[in-house]
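Asks: Residue numbers for the sequence shown follow my numbering, beginning at 43 and rising by one. Cβ atoms here follow ideal geometry from the backbone N, Cα and C, with glycine treated the same way. None of these values were measured; they are calculated from a predicted model.
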Amino acid sequence: MLYHSMTTVSLFTAGVTILFIWFASRKNPFVAAYSFIRELFISRKFLILFAMMVGILLVNSVELKWETALNLKADYTHWFLAIEGDFVKNFQQFFHAHWVTEVTAFFYVIVFQALMIASLGIYASGKNMVYVHAVCYTVILNYLVAIPFYLFFPINEVWSYAPSGVSFYMYEVFPNFDAAYRPLSGINNCFPSLHTSISVSMAILAFRSGNHRWAAAAGISAFIIVFAIFYMGIHWLIDMLGGLVLATVATTLAVRWAQRSAYRNELPLKVESTI
43 MLYHSMTTVS LFTAGVTILF IWFASRKNPF VAAYSFIREL FISRKFLILF AMMVGILLVN
103 SVELKWETAL NLKADYTHWF LAIEGDFVKN FQQFFHAHWV TEVTAFFYVI VFQALMIASL
163 GIYASGKNMV YVHAVCYTVI LNYLVAIPFY LFFPINEVWS YAPSGVSFYM YEVFPNFDAA
223 YRPLSGINNC FPSLHTSISV SMAILAFRSG NHRWAAAAGI SAFIIVFAIF YMGIHWLIDM
283 LGGLVLATVA TTLAVRWAQR SAYRNELPLK VESTI
């Protein structure tokens with residue numbers, strides 16, 4: 043079974059990442075990996091930036107422990123239901139079919155992760171260090187904004203809030219979801235939707251980079267992932283809108299900062315003489 047364990051999920055993520063890099067760069071994916079690793083060794087700025095990105099991802103992984111330690115009892119989910127009504131319930135029931143569940147689960151669990159990893163490889167293979175840096179800044183900004191909301195403004199996933207009447211279709215294809223994947227994301231970590239913000243961010247960067255093949259692949263992937271968050275009964279419409287705003291702001295700032303940080307301060311090669 044594809045979703046038998048996170049080991050299997052990781053293997054498929056690696057496979058999709060390799061496919062993305064090959065399709066978008068038309069180069070050997072291992073050359074892309076070499077270019078990325080080489081940049082880590084020759085650029086102190088990039089090494090620090092990449093370490094910061096890994097650090098914020100590690101912080102996110104312990105966010106659930108912080109929630110437990112803080113012992114906060116707030117729950118604002120009823121606000122979202124009062125505003126949206128049955129949007130998610132009607133959406134998922136209209137499109138429900140087993141093959142749709144298979145496709146959306148694949149994109150939600152596997153392609154989402156591959157988008158971030160492949161973006162780094164694709165831009166590194168083309169020596170487009172502005173966008174390699176931009177990916178790192180974007181991920182950092184997304185999580186820096188989202189984590190405080192998850193801690194102090196908890197919103198439960200739609201399916202887990204009984205009055206919504208929504209089902210969790212992920213169980214149809216990934217029955218071990220709670221044990222294998224749930225530790226990576228709390229059930230009340232809904233607003234803003236990071237699946238929306240990260241996937242749309244990668245698509246925006248792809249379009250701005252000028253790589254048309256990657257823009258098409260990332261754009262289609264982001265669209266399906268956003269579709270999946272409603273179809274699976276995970277996110278509210280407000281979560282998605284918050285994710286879109288976050289993606290727009292994060293990528294705008296990330297590209298601006300990357301244009302400053304990606305270039306090393308080097309002495310000019312030409313030395314003028316005076317008489």
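Which residue comes first and which comes last in the alpha helix (DSSP H) that contains P190?
Replies: Where P190 is concerned, the enclosing alpha helix (DSSP H) stretches over 171-194.
Asks: Output the boundary residues of the alpha helix (DSSP H) element that contains F83.
Replies: That run of the alpha helix (DSSP H) goes 71-84.
Asks: In three-state DSSP terms, what is I197?
Replies: In the structure shown, I197 sits in a strand (DSSP, three-state: E or B).
Asks: Tell me whether N231 sits in a helix, a strand or coil according to DSSP, three-state version.
Replies: N231: strand per DSSP, three-state reduction.
Asks: Hey, N198 and T119: beta-carbon distance below 7 Å or not?
Replies: Yes, they are a contact pair.
Asks: Give the DSSP-derived three-state secondary structure of P225 in the structure shown.
Replies: The answer is helix: DSSP assigns P225 an H, G or I state.
Asks: List the endpoints of the continuous alpha helix (DSSP H) containing R68.
Replies: Premise fails: R68 is in no alpha helix (DSSP H) and is neither H nor E.
Asks: On the three-state DSSP scale, how would you describe V104?
Replies: Three-state result, V104: coil.
Asks: Measure the alpha-carbon distance for F249 versus T180 and round it to whole angstroms.
Replies: In a straight line, the C-alpha of F249 is about 15 Å away from that of T180.
Asks: Counting Cβ pairs closer than 8 Å, one from the segment 125-140 and one from the segment 222-231, do we hit at least three?
Replies: Contact fails: fewer than three Cβ-Cβ distances are below 8 Å.
Asks: Which of helix, strand or coil does DSSP assign to H138?
Replies: Here H138 sits in coil by DSSP.
Asks: When the Cα atoms are used, what is the spatial distance from P205 to V96?
Replies: Going by the C-alpha atoms only, they are around 38 Å apart.
Asks: Identify, in the order they occur along the chain, each residue of the same chain with its Cβ nearer than 8 Å to the Cβ of E81, setting aside the five sequence neighbours on each side.
Replies: The answer, listed in chain order, is F88, A166, M171, V174.
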